[in-house]
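Worksheet for the structure shown next.
Numbering (the working numbering), first residue to last: 18 to 258.
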């Protein structure tokens with residue numbers, strides 16, 4: 018979503034409703050510290066720490082390995098399956114970054130579900146957000162889960178939730194793989210968070226550098242973007258070894 022830096026102000030919380038039993042902390046009150054490890058059975062809904070810098074001299078390094086990503090996706094999917102039991106939810110993601118996470122997530126969810134996509138021009142491009150490609154489905158009365166790759170300032174997500182809430186879904190919830198809360202401007206209710214990440218440039222698993230590297234199976238931290246030129250795939254491959 019939007020990646021513009023912002024000040025400390027807070028936007029009003031977007032009102033949403035949840036199917037089934039209400040939960041107080043929205044998945045954010047567990048497992049936030051850097052000491053959290055990959056086994057999420059004990060803290061099933063809490064975000065995990067993505068990891069720490071291991072080599073400050075490397076221009077690119079692996080931040081979240083493929084196996085850890087896939088384990089976390091499976092845990093999130095299991096919890097989502099329980100939350101939406103006996104419903105037929107609609108999973109919505111924003112093009113293009115969320116599609117990789119969405120594809121893996123839905124394969125693990127043991128429910129009948131529908132998938133729809135939309136495109137948004139973020140605040141980074143125009144200072145405001147607007148729908149570029151709308152949903153094909155009518156979500157009125159449906160349980161809707163927004164699936165996102167990363168929530169940064171939260172401005173675009175807040176706009177999206179406002180737009181979707183106006184269509185009167187039965188419920189509206191958010192699952193993001195990555196939460197960069199240190200950059201947050203808009204106060205958002207995130208129901209499922211995969212990993213907490215810091216203020217660094219990340220690529221892979223849907224996240225891009227100049228529309229490249231989305232296909233990487235892991236998430237890499239880029240400390241020196243100039244090192245990616247002229248062959249980012251070669252640099253990424255070396256980091257993944």
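In this text, a Cβ means the ideal position worked out from N, Cα and C, and glycines have one as well.
Owing to the predicted nature of the structure, the values given are computational and were not obtained by experimental measurement.
- Query: DSSP three-state call for residue 39: helix, strand or coil?
  - Reply: Here residue 39 corresponds to residue number 22 of the chain shown, with the count starting at 1. Any reading at residue 39 must be qualified, since the residue scores a pLDDT of 34, below 50, and its modelled position is unreliable; no value is offered.
- Use the C-beta contact count for residue 103: other C-beta atoms within 10 angstroms, 16 or more gives buried, fewer gives exposed. For the purposes of this step, residue 103 is identified with residue 86 of the chain shown, where counting begins at 1. Residue 103 comes out exposed.
- Query: Can the beta-carbon of residue 106 be found less than 8 Å from the beta-carbon of residue 160?
  - Reply: The residue given as residue 106 occupies position 89 in the chain shown. The residue given as residue 160 occupies position 143 in the chain shown. Taking 8 Å as the Cβ cut-off, residue 106 and residue 160 qualify as a contacting pair.
- Task: Within the same chain, show all residues whose beta-carbon is closer than 6 Å to that of residue 57, passing over the 5 residues directly before and after it, in chain order.
- Result: Position 40 of the chain shown holds residue 57. Low per-residue confidence applies at residue 57: pLDDT is 33, beneath 50, and the placement is therefore not dependable, though the value from the model is reported in the following sentence. These residues qualify, in order along the chain: 92.
- Task: State the DSSP-derived secondary structure class of residue 115, mapped to helix, strand or coil.
- Result: Reading the chain shown from its first residue, position 98 is the one you call residue 115. In this structure, residue 115 counts as helix in the three-state DSSP scheme.
- Do residue 220 and residue 196 come within 8 Å of each other at the CB atom, strictly closer than that value? Your numbering for residue 196 matches position 179 in the chain shown. Your numbering for residue 220 matches position 203 in the chain shown. Going by C-beta atoms, residue 196 is not nearer than 8 Å to residue 220.
- In or out: residue 145 buried (at least 16 other Cβ within 10 Å) or exposed? Here residue 145 refers to the residue found at position 128 when the chain shown is read from its first residue. Counting of Cβ neighbours within 10 angstroms places residue 145 among the exposed residues, the total staying below 16.
- With a CB to CB cut of under 8 Å and the five nearest residues on each side skipped, what residues in its chain are close to residue 205? By one-based count along the chain shown, residue 205 stands at place 188. Correct list, in chain order: 30, 31, 168, 171, 174, 175, 178 and 191.
- Task: Give the straight-line distance between the Cα atoms of residue 157 and residue 180, rounded to the nearest whole angstrom.
- Result: Position 140 of the chain shown holds residue 157. Position 163 of the chain shown holds residue 180. Rounded to the nearest whole angstrom, the CA to CA distance from residue 157 to residue 180 is 12 Å.
- Query: DSSP puts residue 150 in a beta bridge; with which residues?
  - Reply: Within the chain shown, the letter at position 133 stands for residue 150. Beta-bridge annotation (DSSP): residue 150 is paired with 136.
- Message: With the cut-off set at 8 Å, would you say residue 162 and residue 151 are in Cβ contact?
- Response: Within the chain shown, the letter at position 145 stands for residue 162. Within the chain shown, the letter at position 134 stands for residue 151. Not closer than 8 Å, so no.
- Query: Is there contact here, the segment 235 to 245 with the segment 108 to 115, by at least three beta-carbon pairs under 8 Å?
  - Reply: No, the segment 235 to 245 is not in contact with the segment 108 to 115.
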